[in-house]
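Protein chains: 2
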Amino acid sequence: MTTQKDAAVVMMLTLPDRPDVADQCVEAGRCKSVCSGCKVRLFAVCSALDDREIVALEKLARQKTIMARQPVMCAGEPAGFVFTLTSGFLRLQRDLSDGRRQIIGFAVPGDFIGLGLGARYAYSVDALTDVTVCGFDRLEFSMLAYKTPGLIERLHRSASHELSLAQEHMVLLGRRRAEERVALFLISWRKKLQRIFGPSATLPLPMGRQDIADHLGLTIETVSRIISRLGREKII
Amino acid sequence: MTTQKDAAVVMMLTLPDRPDVADQCVEAGRCKSVCSGCKVRLFAVCSALDDREIVALEKLARQKTIMARQPVMCAGEPAGFVFTLTSGFLRLQRDLSDGRRQIIGFAVPGDFIGLGLGARYAYSVDALTDVTVCGFDRLEFSMLAYKTPGLIERLHRSASHELSLAQEHMVLLGRRRAEERVALFLISWRKKLQRIFGPSATLPLPMGRQDIADHLGLTIETVSRIISRLGREKII
DNA sequence: CGGAACCTTTGATTTATATCAAGCAAAACA
DNA sequence: TGTTTTGCTTGATATAAATCAAAGGTTCCG
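Going down the list, the sequences are from chains A and B. Heads up: the first sequence begins at 43 in the numbering used here, then just goes up one per residue. Heads up: the second sequence begins at 43 in the numbering used here, then just goes up one per residue.
See below:
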């Protein structure tokens with residue numbers, strides 16, 4: 043009750059819909075050859091490496107570009123690659139056989155994809171915008187990680203943080219009401235973007251209403267109604 | 043739809059309520075001095091260590107017993123200890139200020155508690171039964187982990203697995219209906235127990251109905267009704 | 001430019017689950 | 001042994017959010 047109210051009150055910003063922010067980041071083709079020029083270097087797992095280690099990692103890196111709306115990897119497929127997102131936004135989701143789906147999260151530049159490292163991908167990933175990634179062969183990457191204490195430690199720190207966020211999301215899905223879910227989603231999304239792009243008056247939402255609904259365990263109508271209402275009450 | 047049906051059909055077992063299984067595991071006072079006699083050794087994170095490393099870990103270990111219904115650690119407190127559960131069952135939960143709570147999971151012998159390793163505990167832990175734990179000072183433990191590649195690697199593997207389970211639970215909370223939630227909970231709980239205690243005709247449920255409800259994002263009445271119905275339809 | 005395909009928004013109605021309200025049974029207690 | 005406490009079950013009713021239905025807008029493309 044108070045929680046929800048607190049949450050909503052903090053939201054003093056405007057939310058123009060779906061601006062293209064794919065070009066705010068590093069240009070394609072650079073990461074592989076020059077990690078030092080990588081705009082997400084300070085946020086990504088590579089930040090744990092010293093200059094000598096970066097060189098080893100660089101050798102494994104393969105720069106890749108994916109167009110908006112294209113799949114990046116599919117749940118169930120052999121997990122051959124892991125990667126750091128260097129620009130654009132991704133959607134991570136798990137699907138049920140009858141079409142229902144849960145969006146696990148959205149990735150922003152600097153995020154590492156491939157922490158739940160089984161032999162097969164446990165979830166699917168799609169590009170929300172045009173995207174560039176710095177990819178690695180999974181086995182080569184984990185072999186390097188095992189030889190590089192700083193890297194495995196950093197990966198573990200990352201996984202622990204993700205675990206904590208996942209737990210927070212469980213609270214949201216299990217115990218929060220629709221309006222709280224939407225408000226908290228907007229707040230956490232803003233926080234995620236601020237960490238990378240810095241403060242901003244506007245909040246890009248590269249995902250659609252259906253994506254938000256599937257992330258929050260709601261329907262598209264409910265999400266739309268609540269965002270409209272929040273707007274009418276000029277909380278956002 | 044099919045998913046739920048499949049799930050329920052597999053459940054061919056009986057579910058006597060709340061038997062005391064705390065004594066199925068290692069007796070108190072042994073872990074500290076003799077890891078080699080520890081019954082959960084093969085399941086716990088310590089399994090990653092060789093004999094020399096075990097000795098180092100043993101030096102840090104402090105055996106502890108907690109009575110049923112007592113708190114083990116509280117969300118928000120400085121995170122001084124991490125531990126492996128050696129016998130009994132734990133409940134992990136996050137609370138909202140207005141009393142709503144989400145149970146993140148239940149721990150069984152062999153589980154490591156302390157993966158979301160911030161400076162403060164992110165969730166509370168309570169003993170469901172009498173419990174013994176093999177505890178470590180958090181800082182000492184992480185210093186050892188950083189010096190012991192096998193340990194940090196094993197911790198990371200553990201965290202990754204937990205992350206995957208957490209995502210699966212998000213699907214349950216976000217997109218599954220009440221009956222599916224209960225059926226899938228019973229199945230996953232059985233699986234968790236089988237891994238440690240082996241197959242069994244009966245499934246101990248050391249947690250109460252309210253705990254199950256708060257784990258599944260339902261009310262106690264809904265859980266009770268569904269378990270009754272599943273029993274009537276002799277699926278369990 | 002015109003319309004087709006997509007999203008999103010808004011309204012009306014339904015429903016799964018929550019809430020309210022008793023009972024019941026086993027354990028704890030005195 | 002009877003009483004209290006605690007947790008579970010079952011029924012009746014209410015409600016938040018889903019579903020059904022129908023417009024608006026955009027974007028895309030011929």
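Here a beta-carbon is modelled for each residue, glycine too, at the ideal position from N, C-alpha and C.
- Any residues in the region 247–275 of chain A with a beta carbon nearer than 7 Å to a beta carbon of chain B? Which ones, in chain order? Gly259
- Task: Tell whether a beta-carbon distance below 8 Å holds between Ser206(B) and Ala164(A).
- Result: The residue given as residue 206(B) occupies position 164 in the second sequence. The residue given as residue 164(A) occupies position 122 in the first sequence. Going by C-beta atoms, Ser206(B) is nearer than 8 Å to Ala164(A).
- Cα-Cα separation between Thr244(B) and Leu228(B), rounded to whole angstroms: Translated into positions along the second sequence, residue 244(B) becomes position 202. Translated into positions along the second sequence, residue 228(B) becomes position 186. Straight-line Cα distance between these residues: approximately 12 Å.
- Item | Span of the beta strand (DSSP E), counted from its first residue to its last, around Asp137(B) | The residue labelled residue 137(B) in the question sits at position 95 within the second sequence. Leu132 to Asp137 is the span of the beta strand (DSSP E), which, as asked, contains Asp137(B).
- Task: Taking Val173(A) as the query, report the chain B residues whose CB atoms sit under 9 Å from its CB, ordered along the chain.
- Result: Here residue 173(A) refers to the residue found at position 131 of the first sequence. By Cβ distance, chain B contributes nothing, its closest Cβ being about 21 Å from Val173(A), past 9 Å.
- Message: Would you say Val224(B) lies against chain A (beta-carbon separation less than 8 Å)?
- Response: Translated into the one-based positions of the second sequence, residue 224(B) becomes position 182. No, Val224(B) does not count as interfacial toward chain A.
- Task: Compare the C-beta of Ser89(A) with all C-beta atoms of chain B and state if any pair is closer than 8 Å.
- Result: As a first step, residue 89(A) is located in the first sequence; it is residue number 47 there, counting from the start. False, the Cβ-Cβ gap to chain B never drops below 8 Å.
- If you drop the 5 nearest sequence neighbours on each side, which residues of the same chain put their C-beta closer than 6 Å to that of Ile254(A)? By one-based count along the first sequence, residue 254(A) stands at place 212. Contacts found: Val265.
- Which whole runs of the beta strand (DSSP E) in the region 157–208 of chain B are 3 residues long or more, in chain order? 166–169 and 173–179
- Thinking C-alpha only, which one of Val213(A), Asp172(A) and Pro241(A) is nearest Asp140(B)? If you number the second sequence from 1, residue 140(B) lands on position 98. Comparing Cα positions, the closest option is Val213(A).
- Message: Is it buried or exposed, Glu222(A), if we count other Cβ atoms within 10 angstroms and call 16 or more buried?
- Response: Within the first sequence, residue 222(A) is the residue found at index 180, counting from 1. Flag for Glu222(A) reads buried.
- Task: Could you tell me if Arg111(A) is buried or exposed, where buried requires 16 or more neighbouring beta carbons within 10 angstroms of its beta carbon?
- Result: Taking the first residue of the first sequence as 1, we reach residue 111(A) at position 69. Its Cβ having fewer than 16 others within 10 Å, Arg111(A) is exposed.
- Residue of Asp92(B), Gly79(B), Ala201(B) and Phe125(B) minimising C-alpha distance to Glu182(B): Locating residue 182(B) in the second sequence gives position 140, counting from the first residue. Among Asp92(B), Gly79(B), Ala201(B) and Phe125(B), the Cα nearest to that of Glu182(B) is on Phe125(B).
- Query: Considering Leu333(B), what are the terminal residues of the beta strand (DSSP E) in which it resides?
  - Reply: With chain B represented from 43 up to 278, any question about residue 333(B) goes unanswered, as that position is not in the structure.
- Can a CB atom of chain B be found closer than 8 Å to the CB of Glu182(A)? Within the first sequence, residue 182(A) is the residue found at index 140, counting from 1. Glu182(A) does not count as touching chain B.
- Task: May I have the straight-line CA-CA distance separating Lys74(A) from Leu134(B), to the nearest angstrom?
- Result: The sequence position of residue 74(A) within the first sequence is 32, counting from 1. The sequence position of residue 134(B) within the second sequence is 92, counting from 1. Here Lys74(A) scores only 43 on pLDDT, less than 50, and its place in the model is too uncertain to base an answer on.
- Quick one: what's got a C-beta closer than 6 Å to Gly158(A)'s C-beta in the same chain, skipping five residues either side? Within the first sequence, numbered from 1, the residue matching residue 158(A) stands at position 116. Around Gly158(A): Ala164.
- Item | Contact set between Ile194(A) and chain B, taken where Cβ atoms lie within less than 8 Å | The residue labelled residue 194(A) in the question sits at position 152 within the first sequence. What Ile194(A) touches in chain B: Pro191, Ile194, Glu195 and His198.
- Task: Between the Cα of Glu100(B) and those of Cys88(B), His203(B) and Thr107(B), spot the shortest distance and give me the residue it belongs to.
- Result: Here residue 100(B) is taken as the residue at index 58 of the second sequence, counted from 1. For Glu100(B), the nearest C-alpha among the options comes from Cys88(B).
- Query: Among Ala90(B), Gly130(B), Tyr188(B) and Pro120(B), which one has its Cα closest to the Cα of Asp168(B)?
  - Reply: Taking the first residue of the second sequence as 1, we reach residue 168(B) at position 126. For Asp168(B), the nearest C-alpha among the options comes from Gly130(B).
- the region 144–156 of chain A: positions lying closer than 7 Å to chain B by Cβ: Gln144 and Ile146
- Query: Is the distance from the Cβ of Pro191(B) to the Cβ of Val82(B) below 8 Å?
  - Reply: Translated into positions along the second sequence, residue 191(B) becomes position 149. Translated into positions along the second sequence, residue 82(B) becomes position 40. It is not a contact, given that the beta carbons lie outside the stated cut-off.
- Item | Cβ neighbour criterion (16 or more within 10 Å) applied to Pro246(A) | What you label residue 246(A) is simply residue 204 of the first sequence in a count that begins at 1. Buried.
- Confirm, please, whether the CB-CB distance from Phe85(B) to Ile238(B) is below 8 Å. Start at 1 with the first residue of the second sequence, and residue 238(B) comes out as number 196. Start at 1 with the first residue of the second sequence, and residue 85(B) comes out as number 43. In contact: Ile238(B) and Phe85(B) (Cβ atoms closer than 8 Å).
- Task: Can you pull the chain A residues whose beta carbon is under 7 Å from the beta carbon of Ser202(B), in chain order?
- Result: Position 160 of the second sequence, counting from 1, holds the residue named residue 202(B). Leu157, Gly158, Leu159 and Ala201, listed in chain order.
- Are the beta-carbon atoms belonging to Ser184(B) and Pro113(B) less than 8 Å from one another? Your numbering for residue 184(B) matches position 142 in the second sequence. Your numbering for residue 113(B) matches position 71 in the second sequence. Against a cut-off of 8 Å, the Cβ pair of Pro113(B) and Ser184(B) comes out as no contact.
- Can you find a C-beta in chain A that's less than 8 Å from the C-beta of Met212(B)? If you number the second sequence from 1, residue 212(B) lands on position 170. Closer than 8 Å to some Cβ of chain A, the Cβ of Met212(B) qualifies, so yes.
- Item | Rounded C-alpha distance that separates Ala64(A) from Leu132(B) | Working through the first sequence from its first residue, we reach residue 64(A) at position 22. Working through the second sequence from its first residue, we reach residue 132(B) at position 90. Caution applies to Ala64(A), whose pLDDT of 33 falls short of 50 and renders its modelled position unreliable; the value that the coordinates give is listed next. So the alpha carbons of these two residues sit roughly 45 Å apart.
- Query: When the Cα atoms are used, what is the spatial distance from Pro120(A) to Arg136(A)?
  - Reply: Locating residue 120(A) in the first sequence gives position 78, counting from the first residue. Locating residue 136(A) in the first sequence gives position 94, counting from the first residue. Taking the straight line from one Cα to the other gives about 16 Å.
- Query: Ends of the alpha helix (DSSP H) at Ile262(A)?
  - Reply: Here residue 262(A) refers to the residue found at position 220 of the first sequence. Where Ile262(A) is concerned, the enclosing alpha helix (DSSP H) stretches over Ile262 to Arg274.
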